[in-house]
Ligand code: AMP
Ligand code: ZN
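In the numbering used here, the protein residues as written are 662 to 775.
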């Protein structure tokens, strides 16, 4: 999609710190990390958020979710674990309108979720 920051990152038009890539998924380090490990996992195909998912597009989210355990292992987040977050819409603080899953880890995370 034109003028979508994460579409441009996935296409390599804007540089990012890649940690993982496959046919469907691109993952990179968050530019403003909120944990020692903070990675964003996105589908290469544009979709706005979890709210937009349907039977035709669920494969994009599934591919991201399947990539997450591989990335977690690669980043040394096991056996301690990690948090996966997908902000959806303004009340959740979504600032980039391209579906993304945050992987947060590398420390004992705050117990608060909201
Ligand atoms: P959200 O608030 O859930 O929409 O998350 C968007 C995330 O994208 C934030 O954590 C930002 O720090 C991150 N971000 C914004 N621009 C970039 C960029 N150019 N490279 C990497 N991460 C970015
Ligand atoms: Zn996009």
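Beta carbons are placed, not taken as given, at the ideal position from N, Cα and C, and that holds for glycine.
Proximity annotation: the ligand ZN has residues 662, 665, 667, 668, 707, 759 in chain order, each selected because its CB is closer than 6 Å to a heavy atom of the ligand.
Counting other Cβ atoms within 10 Å of its Cβ, residue 736 reaches 16 or more and is therefore classed as buried.
Within the DSSP bridge table, the entry for residue 682 names 687 as partners.
DSSP places residue 766 outside any alpha helix (DSSP H); the residue lies instead in the beta strand (DSSP E), whose first and last residues are 762-766. The bridge partners DSSP lists for residue 773 come to none.
Judged by DSSP in its simplified three-state form, residue 704 adopts strand. Counted as a single uninterrupted DSSP element, the beta strand (DSSP E) harbouring residue 745 occupies residues 743-746. For the set 757, 746, 762, the Cα lying nearest the Cα of residue 773 is the one of 746.
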